[in-house]
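2 protein chains.
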Amino acid sequence: MSTFREDGGAALDWVASYLDRLREYPVLAQVEPGEIRAALPLAAPERAEPFANVLRDLDGVLMSGITHWQSPRHFAYFATTGSEPAILAELLIAALNQVGILWRASPALQELEEVTVDWLRQLLGLPDGLHGQIEDGASLSTMIALASAREARPESRVVLASEHAHSSVEKAARLLELDLRKVPGDDVFALRVDQLDLAEACAVVATIGTTGPTSIDPVAAIAERCEEEGVWLHVDAAYAGSAAVCPELRGLFSGWERADSIVVNPHKWLLVPQGCSVLWTRRPEEVRNAFSLVPEYLRVAEEVASLSEYTQVLGKRFRALKLWAVLRCYGREGLQAVIREHLRLAALFERWVGEEPGWELCAPRHFSLVCFRHEGSDELNEALLERVNASGDVFLSHTRLDGRYVVRLAIGNARTTEDDVRFAWEVLRREARGVVA
Amino acid sequence: MSTFREDGGAALDWVASYLDRLREYPVLAQVEPGEIRAALPLAAPERAEPFANVLRDLDGVLMSGITHWQSPRHFAYFATTGSEPAILAELLIAALNQVGILWRASPALQELEEVTVDWLRQLLGLPDGLHGQIEDGASLSTMIALASAREARPESRVVLASEHAHSSVEKAARLLELDLRKVPGDDVFALRVDQLDLAEACAVVATIGTTGPTSIDPVAAIAERCEEEGVWLHVDAAYAGSAAVCPELRGLFSGWERADSIVVNPHKWLLVPQGCSVLWTRRPEEVRNAFSLVPEYLRVAEEVASLSEYTQVLGKRFRALKLWAVLRCYGREGLQAVIREHLRLAALFERWVGEEPGWELCAPRHFSLVCFRHEGSDELNEALLERVNASGDVFLSHTRLDGRYVVRLAIGNARTTEDDVRFAWEVLRREARGVVA
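These protein sequences, in sequence, are chains A and B. Note that this note's numbering gives residue 435 to position 435 of the first sequence, counting from 1, and the numbers run on in steps of one. Note that this note's numbering gives residue 136 to position 136 of the second sequence, counting from 1, and the numbers run on in steps of one.
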């Protein structure tokens, strides 16, 4: 294993050095389509190469095609953090290579998953007794929730969600052959409960922190209606849910405790690298009805329900280990500090935009995302954003609200400082002068 | 980052030492249900803890609940290997934390995925022009294939697969509300083509290397029928597909080059840790039709189809990096050497069983799996297997063939030597004496 120790030392050095120098890279990859592909050989090598070649080509070939999600100046989509404890946890996960197909195949995987999702439930102030599970991403979590809703009410084939709901709701509905009906949002982009027609509905998806403007649907009022009609309520808090770790923000989540299922992605705003979405449900038996089929070769003596009976997936990765590492190494206070700092920075940026002539805010800010635009046409704003991103200095993305092109600045990287946010604002104003000129 | 370097050094030491001592652990976790859960705190800590505590509790609390998939003496289900280059690649993947939601979000992720799956296609002798993609596991790959088949032929709602097909086919059919009809197998557990009624079928799933006895469906004959009727043929070679890296084994795969889609899991027999299933299709446009919906906020200037347009998932992990590391660090020759050695060891074990009075072989061996049983009742064999696994010395699993309880010895760990296989045989005979006595 001396080679492994040597290669591992080199890989670890690479990672430490990368994390040290995150601000030196252009945030958005500065390559053209096909450029990375063209720089790679057409076929795998005949003979084994040393691991050093992998690191060499990671630097020499791949890095120019990396968009730096770890950069403190990544403000696009929802900014994320692969935190240090979780990065090391991924090393452990790969080394242990657990395959969670049933309890005995990894008791530690199954029970740590049950425990960590319950820790997280408590941290977010959710009620006792929810059944939790970790999925790869929210697209799967939401699909599982809607499949369970369909199972619970097979004669009803309609899913209702706000026009601002995430595309994964549409994707899940399509896969499940459910009829997605989009409900209009109001002037603050929240689902209009008066437009909610629950006839034929098996599920409503309410979002706390929509992907475009991070608007908040009136979950309590929707829950009321769903309870009256026996319709499954799924709450998509994939991004914003992590903020509930701060008690002072719980008011924004009012009603989610009444949901039939809830998705929160620790890989978005809770410092866990990609591949950690938590789904809770108060109706685990209906999830199990929708997904359980235990084949002979997995039937064993222990009377323990397998994680795979609650999901589409059979062989689970040991994802709980990275969530566990984060919850341990940050603690409740550490997680709260990250969220609060992000809200402070977003409020600061919001104030700068609001006070600057020629710029306008485009949506109420609830969490760590600011929606804004420069005065002028959509084309001008689009050109502005392309210039900003092409500079490599910072990376932002856009959405469309009330038919207008809107720029989004999403704060969510734990390494982002006030200086980074100020720098983003300077870059935006600099490029705006260029576009206007 | 000095803490990261220190913590990383400790984590790396832990991993190197773990890989050195794999034979010292009981292969099957020796805990009772609930034991790990009971040893963990009821809530997350208030304050940050050092990463050293994670390693401490990994050893002190979790390790007793680990079933050692990395052990050379793990012969259950399909044995797998998280190889050293791939373990380190997972460290890099986590550090880069790419989120492949569209091309610009990580050109390197998308293009390396395209390139590595094409390298693998060539290594396996599959035809040019297949569209490849990496999914988390075969359950998702098969679900994507069947959703595409449904999309291509919406009026036909039947899926046909052998009675020996993997449970994921049934799970996918259920999710997609397709009617799965199981086709009987013949006396060597291969799908009976004469029993294949393609009326109303949108898809047939043929398996090369079934999960129970690793039987091989007559893919060429099935392809012939599917082509005549315009039915989608999905080939499940999740386990066995990796063996096609050896040209002398290609005869076992005859016909798979005519499939509409094929799944092979490098995380099974190709040295990649959990979370790497490759799906190829010759009909990418129908996959895209089934899954593409590009929302406004992901519409950007580049005219590049996103990986997410071909799958249920939106934010992909950088899985290609670990496949790339394996293909580089083993090369074609290295991969062939692993497969050939596993076949040699399986043939050896098969001979020992076949020559030993009181034992019988229960299925033809095509790859690295041997199905066998001791003379006597199912109960005796079940008791035998439970004793073997309870010893912790080796870990095997079972299936049921022709209504009988059958023990499976699956060779698939790159660290397994002839001594390990001989040891397994000794443990089996030792425990058989105990059961009979």
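For every residue, glycine included, the Cβ atom is placed at its ideal position computed from N, Cα and C. It should be emphasised that the depicted structure is a prediction, and the values quoted were computed from it without experimental measurement.
Item to check | Rounded straight-line distance, which links the Cα of Tyr405(A) to that of Asp378(A) | outcome: 5 Å
Checklist entry - Helix, strand or coil for Val438(A) per DSSP? => result Given a span of 1 to 437 for chain A in the structure shown, any question on residue 438(A) remains unanswerable.
Checklist entry - Between which two residues does the beta strand (DSSP E) carrying Leu401(A) extend? => result Ser397 to Leu401
Checklist entry - DSSP three-state call for Ser277(A): helix, strand or coil? => result strand
Item to check | Beta-carbon separation (whole angstroms), Phe51(A) vs Asp7(A), contact threshold 8 Å | outcome: 4 Å
Next on the checklist: If contacts are defined as beta-carbon pairs under 8 Å, then Val407(A) and Leu380(A) qualify, I think. What distance do you get, rounded to the angstrom?
Outcome noted: About 11 Å; that fails the 8 Å criterion.
Item to check | Member of Ala410(B), Ser308(B), Tyr25(B) and Glu286(B) whose CA lies at the smallest distance from the CA of Ala347(B) | outcome: Ala410(B)
Checklist entry - Do Leu124(A) and Ala244(A) have their C-beta atoms within less than 8 Å of each other? => result yes
Checklist entry - Do you know offhand how far Glu363(A)'s Cα is from Asp179(A)'s? => result It should be noted that the sequence gives Ala, not Glu, for residue 363(A). About 29 Å.
Checklist entry - Under the rule that 16 or more other beta-carbon atoms within 10 Å means buried, what is Val427(B), buried or exposed? => result Buried: at least 16 other Cβ atoms inside 10 Å.
Checklist entry - Using a Cβ-Cβ cut-off of 6 Å (strictly less than) and excluding sequence neighbours within five positions of Ile93(A), which residues of its own chain qualify? => result Phe318 and Leu321
Next on the checklist: Check whether chain A comes within 8 Å of Trp185(B), counting only Cβ atoms and requiring the distance to be less than that.
Outcome noted: In the sequence under discussion, the amino acid at residue 185(B) is Gly, which differs from the Trp named in the question. So no, Gly185(B) is outside the interface.
Checklist entry - By how many angstroms is the C-alpha of Leu12(B) removed from the C-alpha of Met1(A)? => result Legend: pLDDT at Met1(A) = 40, less than 50; position of this residue unreliable, no value from coordinates given.
Item to check | is_contact[Phe189(A), chain B] using C-beta, thresh 8 Å | outcome: no
Next on the checklist: Using a Cβ-Cβ distance cut-off of 8 Å, determine whether Met1(B) contacts chain A.
Outcome noted: Unreliable positioning characterises Met1(B) in this predicted model, as indicated by a pLDDT of 40, which lies under 50. A coordinate reading is not provided.
Item to check | Contact with chain A by Phe291(B), beta-carbon distance below 8 Å | outcome: Output row for Phe291(B): interface = yes.
Item to check | Identity of the residue in Val394(A), Phe349(A), Asn389(A) and Ser391(A) nearest Phe372(A) by Cα | outcome: Phe349(A)
Item to check | The beta strand (DSSP E) enclosing Thr207(B), as first and last residue numbers | outcome: Ala201 to Thr207
Next on the checklist: Quick check on DSSP: helix, strand or coil for Ala372(B)?
Outcome noted: Checking the sequence shown, residue 372(B) turns out to be Phe, not Ala. Note: Phe372(B) maps to strand in three-state DSSP.
Next on the checklist: In the DSSP assignment, the alpha helix (DSSP H) including Trp324(A) goes from what residue to what residue?
Outcome noted: Ala320 to Glu355
Checklist entry - Can you list, in chain order, the residues of the region 221-255 of chain B whose Cβ is nearer than 7 Å to any Cβ on chain A? => result Within the region 221-255 of chain B, no residue qualifies.
Checklist entry - Whose Cβ in chain B lies nearer than 9 Å to the Cβ of Ser106(A)? => result Ala29, Gly65, Ile66, Thr67 and Trp69
Next on the checklist: Whether or not the region 339-346 of chain B and the region 416-432 of chain B are in contact is what I'm after, with contact meaning three or more pairs of Cβ atoms, one per stretch, closer than 8 Å; do they touch?
Outcome noted: yes
Checklist entry - Less than 8 Å separating the beta-carbons of Gly412(B) and Thr80(B)? => result When the beta-carbon positions are compared, Gly412(B) and Thr80(B) come within less than 8 Å of each other.
Checklist entry - Is the distance from the Cβ of Arg283(A) to the Cβ of Glu309(A) below 8 Å? => result no
Item to check | Cβ shell of Ala38(A) (< 7 Å), same chain only, five flanking positions each side left out | outcome: none
Item to check | Span separating the alpha-carbon of Leu323(B) from that of Cys276(B) | outcome: 8 Å
Item to check | Proximity below 8 Å, CB of Ala165(B) to CB of His234(B) | outcome: no
Next on the checklist: With H, G and I counted as helix, E and B as strand and the rest as coil, what does DSSP make of His366(A)?
Outcome noted: coil
Checklist entry - Just checking, does the region 82-99 of chain B make contact with the region 47-64 of chain A on the three C-beta pairs under 8 Å criterion? => result yes
Checklist entry - Between the region 84-103 of chain B and chain A, which residues of the former have a C-beta closer than 9 Å to a C-beta of the latter? => result Of all residues in the region 84-103 of chain B, Glu84, Pro85, Ala86, Ile87, Leu88, Ala89, Glu90, Leu91, Leu92, Ile93, Ala94, Ala95, Leu96, Asn97, Gln98, Val99, Gly100, Ile101 and Trp103 have a Cβ within less than 9 Å of some Cβ in chain A.
Checklist entry - Expressed to the nearest angstrom, what Euclidean distance is found between the alpha-carbon atoms of Ala424(A) and Glu46(A)? => result 47 Å
Checklist entry - What does a CB cutoff of less than 6 Å around Tyr330(B) pick up in its chain, not counting 5 residues either side in sequence? => result none
Item to check | Contacting residues, own chain, Cβ-Cβ under 6 Å from Ser139(A) (five flanking each side not counted) | outcome: Ser168
Checklist entry - Should the region 208-226 of chain B be regarded as contacting the region 177-191 of chain B, the criterion being three or more beta carbon pairs within less than 8 Å? => result A contact is defined here as three or more CB-CB pairs under 8 Å, and the region 208-226 of chain B meets this definition with respect to the region 177-191 of chain B.
Checklist entry - I think Cys107(A) touches Val31(B), with their Cβ atoms under 8 Å apart; what is that distance to the nearest whole Å? => result The amino acid at residue 107(A) is misidentified as Cys; the sequence shows Pro. Yes, Pro107(A) and Val31(B) are in contact; Cβ-Cβ is about 5 Å, under 8 Å.
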